[in-house]
Amino acid sequence: MKMRFSNILAAASLAAAVPTADSSSSSSSSNNKRQDKGLSFGACTDPFTEDTPLECASLNVPLDYTDNSSTDEIRIDIIRVPAAKSPSKGSVFVNFGGPGAPGIQDLGLFYPQLSAMTGEQYDLVNVIPRGTNGTLPFSCYSSEAARAYGGYSISGNSSDVALGYLWAKADLFAQNCAVVMNETGRYIGTAATVRDLFQVVAELEEDGMLRYYGTSYGTLLGSTAAVMFPDRIDKMVLDGVVNPMEYYANREIQLPLGMDGSWQGFRDGCVANPDACPLAALGDADEIETKIFAWLEQLKSHPIVVPDPTSPFGGIFYDYSLVEAIILGGFYFPPLFPQVSAQLYALYASDAHDHSQLRALVKRVAPGAAQVGMDEPEADDEARVAHDQEALWGIKCSDVLQQNTFEEMLPVFEGRVKNSRFADVAHNTPARCAQWHMTAVERYEGDFQFKPNFPILMVGNSHDPVTPLESARNLSRTIEDSHLIHQDSYGHSLLVQVGLCAAKAVRAYFVDGELPQEKEVKCAVEVELFDGKYGWETVLPELTGKHANGTNTTVGAQVLKP
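Mapped onto mature numbering (1 follows the signal peptide of the UniProt record, and there is no 0), the consecutive letters of the sequence shown carry residue numbers -23 to -1, 1 to 539.
Encoded structure:
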């Protein structure tokens, strides 16, 4: 999942910046503070917030909401972009997914789009989740070398013994996390973050209601907030919907339903736009598929090795698992399809003894991850991102049912693979969570049959690789009065590819409380695959009635370079 574009499987995942954990003013300075009722917002100290309108604050909240006798507290950090139009009508809370996304850089990148879709009338507020940043940071390794080795993952179908190896390594990871995080690991999780959200809602002293826009795991956080506090929900958009029933059961069989459709769009779009797709040299769409899939099988026994004495492993093994992850990661960001194609073709056509074309890729691809098209991070930033990626398991695995045996989880792995040939690349997370040894002190264990105070609006793309349209449809059926926008597009959420129809519908919802006329409506996009466009280039000026004057209309252009 993870729009947080920081998902370790996301191509071009955004490196999330975090303030230092030991400073009492890590996210806000004492200068130029703006007092907002109970919160004091000031300039942020994190370097990723430079040249952005982001403001930062912090708040002490209970460590354990289930223990009324405890006075223990932790500090959570809050970042905000003030409303573009004055006076502000209040706040819209945002969460970019993960789990484990601090959201600092994400908000710095996407605030123009979110501001436009919320009518430019609301402050955008991101509560940085527990387990990330300086709040109960979740890290299971004692050294970067151990992290590099432990982070290297394999796909479940990469050999006839791979699934057993993956399961055993997941067990090792879970046991190590239980030792290292035994004091604080139980105090993170979705239910606690929901309560943190409402602590901030109360401190803002607006109307006591939650307005919210969440993507990917952010939809899980949002739906959990709504079911826990249905009477305190004003407007809520869930974009790229996680199936919460499967999530909490650790049985996300539905998750890969959009992967094969993403692949088909990628290969068909490649053939239709050969000038932008080097893989078109392999033939028509069927020939591309046949050759790439045969090559993937070959990589199981003949991986491409690129030496690099400076890397943790002495180089990169472009094996079945890593190349499959690069392909799947590329599905997150359709505007980057040309770059993904170029990198795949460079690998496919590489000379086993001439690494000159591949050396440039070594520093862009982390072991076990697909960070395609991403600027090389600074060393300190890279380490902090790695720590926050571990929060994915700290949060998710503490949330879910733990089933403990390989035999109990085997139907989950088999069911996922039936839904997509790429699904095995994502087996690592359910394997780790099944063997987890820390359960959050509070978990949501109910169903999602409820009616919120105000109808919820959901958004699903036709070919989202990790939050399929069917997940949005399932949740829409259980939440009374909810509506669904079906955008006929690729990629992971509206933020990475958008059409005017969907963007206008979201804006009408936030500005006027207007819902689509039908329970589910379908929207087109005005961009084509392999044209390198996000749709925001034209949609953003249309929504705001003006050109962006230097703001970011090409989503992520600052960091998502080819």
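Idealized CB from N, CA, C, for every residue including glycine.
These numbers were taken from a predicted model, which means no experiment stands behind them.
Limits of the alpha helix (DSSP H) - the one that residue i falls within
i: residue 270; result: 262 to 276
i: residue 409; result: 405 to 411
i: residue 314; result: 314 to 325
i: residue 454; result: 446 to 455
i: residue 92; result: 81 to 94
i: residue 481; result: 477 to 489
i: residue 422; result: Segment: none, residue 422 is in no alpha helix (DSSP H) and carries neither H nor E.
i: residue 222; result: 221 to 226
Euclidean distance between Cα positions of residue i and residue j
i: residue 423; j: residue 210; result: 18 Å
i: residue 241; j: residue 259; result: 15 Å
i: residue 3; j: residue 80; result: Low confidence applies here, because residue 3 scores a pLDDT of 39, under 50, leaving its location unreliable; read the following figure in that light. Answer to the nearest angstrom: the Cα atoms are 15 Å apart.
i: residue 112; j: residue 399; result: 34 Å
i: residue 360; j: residue 23; result: Below a pLDDT of 50, predicted positions are generally treated as unreliable, and residue 360, at 43, falls in that range; no measurement from the model is reported.
i: residue 394; j: residue 317; result: 23 Å
i: residue 549; j: residue 232; result: Residue 549 lies beyond the stretch modelled for the chain, which goes from -23 to 539, so this question has no answer here.
i: residue 64; j: residue 452; result: 35 Å
i: residue 42; j: residue 417; result: 11 Å
i: residue 540; j: residue 28; result: As shown, the chain starts at -23 and ends at 539. That puts residue 540 outside it, with no answer to give.
i: residue 222; j: residue 326; result: 43 Å
i: residue 207; j: residue 36; result: 24 Å
i: residue 502; j: residue 509; result: 14 Å
i: residue 162; j: residue 110; result: 14 Å
i: residue 146; j: residue 378; result: 19 Å
i: residue 74; j: residue 101; result: 16 Å
i: residue 397; j: residue 250; result: 25 Å
i: residue 472; j: residue 506; result: 16 Å
i: residue 238; j: residue 504; result: 18 Å
i: residue 288; j: residue 191; result: 36 Å
i: residue 263; j: residue 256; result: 12 Å
i: residue 93; j: residue 392; result: 40 Å
i: residue 31; j: residue 436; result: 26 Å
i: residue 363; j: residue 58; result: Because residue 363 carries a pLDDT of 46, less than 50, the predicted location of this residue cannot be relied on, and the following value inherits that uncertainty. Distance between the alpha carbons of residue 363 and residue 58 is about 26 Å.
i: residue 512; j: residue 40; result: 42 Å
i: residue 87; j: residue 516; result: 14 Å
i: residue 409; j: residue 519; result: 45 Å
Nearest-angstrom Cβ-Cβ length linking residue i and residue j, presumed shorter than 8 Å
i: residue 427; j: residue 204; result: 5 Å
i: residue 20; j: residue 414; result: 41 Å between Cβ atoms; not a contact.
i: residue 372; j: residue 165; result: 6 Å
i: residue 283; j: residue 269; result: Contact doesn't hold; Cβ gap of about 20 Å is too wide.
i: residue 440; j: residue 235; result: 5 Å
i: residue 324; j: residue 281; result: 6 Å
i: residue 198; j: residue 171; result: 7 Å
i: residue 442; j: residue 308; result: 4 Å
i: residue 143; j: residue 404; result: 6 Å
i: residue 402; j: residue 136; result: Contact doesn't hold; Cβ gap of about 14 Å is too wide.
i: residue 433; j: residue 213; result: 5 Å
i: residue 487; j: residue 96; result: 5 Å
i: residue 118; j: residue 127; result: 6 Å
i: residue 45; j: residue 71; result: At roughly 30 Å, the Cβ-Cβ gap does not stay under 8 Å, so residue 45 and residue 71 are not in contact.
i: residue 182; j: residue 15; result: 6 Å
For residue i, three-class secondary structure by DSSP
i: residue 519; result: helix
i: residue 6; result: Reliability of the predicted coordinates at residue 6 is poor, the pLDDT of 36 falling under 50, and no value is obtained from them.
i: residue 514; result: helix
i: residue 351; result: Note that residue 351 scores a pLDDT of 31, beneath 50, so its modelled location is shaky; the value from the coordinates is reported in the next line. Note: residue 351 maps to coil in three-state DSSP.
i: residue 376; result: helix
i: residue 284; result: strand
i: residue 464; result: strand
i: residue 507; result: coil
i: residue 435; result: strand
i: residue 397; result: coil
i: residue 19; result: strand
i: residue 304; result: helix
Enclosing beta strand (DSSP E) for residue i [first to last residue]
i: residue 72; result: 68 to 72
i: residue 99; result: That residue, residue 99, is in no beta strand (DSSP E); it is neither H nor E in DSSP.
i: residue 216; result: 210 to 216
i: residue 247; result: Element bounds for residue 247: not the beta strand (DSSP E) but the alpha helix (DSSP H), 236 to 249.
i: residue 428; result: Per DSSP, residue 428 belongs to no beta strand (DSSP E) and is neither H nor E.
i: residue 35; result: 32 to 39
i: residue 295; result: 292 to 295
i: residue 57; result: 50 to 58
i: residue 500; result: 497 to 500
**Report entry** Unbroken stretches of the alpha helix (DSSP H), 4 residues or longer, contained in the stretch 110 to 144
**Finding:** Whole alpha helix (DSSP H) segments, 4+ residues: 121 to 128.
Query raised in the report: In the stretch 131 to 206, which residue ranges form an unbroken alpha helix (DSSP H) of at least 4 residues, counting only runs that do not cross its ends?
Result: Those alpha helix (DSSP H) runs which fall completely within the stretch 131 to 206 and span 4+ residues are 139 to 157, 167 to 181 and 194 to 205.
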